[in-house]
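Remarks on the structure that follows.
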Amino acid sequence: MTPLSRRTFATAALAAVLVGCGGPQAHQSAAAGSGSTPPPSSTSANAAHALRRSTPVRLRIPAIGVDTPVIRLGLAPDGSVQVPPITAHDRAGWYGHSPTPGQVGPSVILGHVTVGSYGDGVFRHLAQLHQGDRITARLENGTKAAFTVSAVRTVAKADFPADDVYGDVDRPELRLITCAGPRTGDGYRDNVIVFATLSSTSP
Amino acid sequence: MRRTVLSSLALACTAVLAGTVPAFADASPTAEPVPATSSPAHTATPSAAPTAEASAPSAVPPRPTPSVSSVPSAEPSRPPAGGQVSVVPKGAPDTGVTAASSGSGNQGALIGGGAAAVLAAGGATVFVVRRRRATGA
Numbered sequence: 012m013t014p015l016s017r018r019t020f021a022t023a024a025l026a027a028v029l030v031g032c033g034g035p036q037a038h039q040s041a042a043a044g045s046g047s048t049p050p051p052s053s054t055s056a057n058a059a060h061a062l063r064r065s066t067p068v069r070l071r072i073p074a075i076g077v078d079t080p081v082i083r084l085g086l087a088p089d090g091s092v093q094v095p096p097i098t099a100h101d102r103a104g105w106y107g108h109s110p111t112p113g114q115v116g117p118s119v120i121l122g123h124v125t126v127g128s129y130g131d132g133v134f135r136h137l138a139q140l141h142q143g144d145r146i147t148a149r150l151e152n153g154t155k156a157a158f159t160v161s162a163v164r165t166v167a168k169a170d171f172p173a174d175d176v177y178g179d180v181d182r183p184e185l186r187l188i189t190c191a192g193p194r195t196g197d198g199y200r201d202n203v204i205v206f207a208t209l210s211s212t213s214p
Numbered sequence: 002m003r004r005t006v007l008s009s010l011a012l013a014c015t016a017v018l019a020g021t022v023p024a025f026a027d028a029s030p031t032a033e034p035v036p037a038t039s040s041p042a043h044t045a046t047p048s049a050a051p052t053a054e055a056s057a058p059s060a061v062p063p064r065p066t067p068s069v070s071s072v073p074s075a076e077p078s079r080p081p082a083g084g085q086v087s088v089v090p091k092g093a094p095d096t097g098v099t100a101a102s103s104g105s106g107n108q109g110a111l112i113g114g115g116a117a118a119v120l121a122a123g124g125a126t127v128f129v130v131r132r133r134r135a136t137g138a
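Chains A and B are the protein sequences, given in the same order. The numbering used here numbers the first residue of the first sequence as 12 and each following residue consecutively. The numbering used here numbers the first residue of the second sequence as 2 and each following residue consecutively.
Written as structure tokens, this is what we have:
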């Protein structure tokens, strides 16, 4: 083999290896930046009075960079709660048999932590919320309900606290639920539940 | 000269082969879309919240909105329990679908395939170059 062809062959092999290695990293796009958005200015003039029933259409959680449309969810045939569809840009879903955000009672909103091969779900960073963080739900009738996080709990799915999540309360509250913990099969072992209380409303 | 052209051709073919393999990465049919029976939001549940509206002095009568049944028919027709959450779901929500486990297997196969393709292309190049040398071209 002449020096020229040897050099050419070495170049070919090196180029092929380089091209082959470059491919799989294309999908590692950075997750949505979080924390940089300041919390929405609180409308202190408006007292936190209960709102009329109106379907939530949008959910904002500035602390973890969430700003998502909200769909309506019902029950699955097996009696468990429906979850939002597995799509590339998944959305949060409001459980339609619970009060709407701002009504007296626990309004329940679900979102995925991961959506299979599509990567991170809309509630990927839900567990990073802290007491005092703000959550805003916009309703179909134009009103907004602002909530303040009161607790973040991680519980095993086997011990899901249905009473704490779905049980009656004497004020407007919000529950945000996603999955967490070690992976088991194609799912997760735990749930993260964010408890929040209504802090203000705006027309 | 012809040898150089041939080698360049082999380089191009090898690069294309190696580049094509990662392109198949997204074609894995692992994603199973969940049937989305939810309809776009409609506030059509007429009086599902008796507690909140009972306190209002009923200056505004309940809106006679047309009842669009957006709840899937497969839903068990249990009577409302009377609580603020009219139907309490069973079990815990399944709000996370992982694909990393199966995905990593696919990725391993792809890497292996890519390496095999590179080796095959390299071998072919060596063979062609030697053959051309032997024939004195």
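All residues carry an ideal CB built from backbone N, CA and C; glycine is no exception.
{"query": "Considering only residues of the same chain and omitting the five flanking positions on each side of Q93(A), which have a CB-CB separation below 6 Å?", "result": "L84, G85, A87"}
{"query": "Check distances from the C-beta atoms of the region 170-194 of chain A to those of chain B and list, in chain order, the residues that come in under 8 Å.", "result": "F171, A173, Y177, G178, D179, V180, I188, T189, C190, A191, R194"}
{"query": "Check each residue of the region 125-142 of chain A: if its Cβ is closer than 8 Å to any Cβ of chain B, include it; give the result in chain order.", "result": "T125, V126, G127, S128, Y129, G132, F134"}
{"query": "Let me see if you follow: with CB-CB separation under 7 Å, is N57(A) close to chain B or not?", "result": "For N57(A), the pLDDT reaches just 48, beneath the cut-off of 50, and the residue's location in the model is therefore unreliable, although a value from the coordinates is still provided. N57(A) does not count as touching chain B."}
{"query": "Using a 10 Å radius around the Cβ and a threshold of 16 neighbouring Cβ atoms, would you call H136(A) buried or exposed?", "result": "buried"}
{"query": "Mark F158(A) as exposed unless 16 or more other C-beta atoms lie within 10 angstroms of its C-beta, in which case mark it buried.", "result": "buried"}
{"query": "In terms of residue numbering, what span does the beta strand (DSSP E) encompassing D201(A) cover?", "result": "198-213"}
{"query": "What are the start and end residues of the beta strand (DSSP E) that includes V163(A)?", "result": "155-167"}
{"query": "For A100(B), decide whether its Cβ has a neighbour in chain A, counting only Cβ atoms nearer than 7 Å.", "result": "yes"}
{"query": "Tell me the residue span of the alpha helix (DSSP H) that contains Y177(A).", "result": "173-177"}
{"query": "Could you say which of V124(A), E184(A), P193(A), A156(A) lies nearest to I75(A) if we only look at CA atoms?", "result": "V124(A)"}
{"query": "Would you call the region 94-103 of chain A and the region 142-159 of chain A touching, i.e. three or more CB-CB distances under 8 Å?", "result": "no"}
{"query": "Would DSSP call A99(A) helix, strand or coil?", "result": "coil"}
{"query": "Can you check whether the C-beta of G116(A) is within less than 7 Å of a C-beta belonging to chain B?", "result": "yes"}
{"query": "Taking the alpha-carbon positions, what's the G107(A) to A207(A) distance?", "result": "18 Å"}
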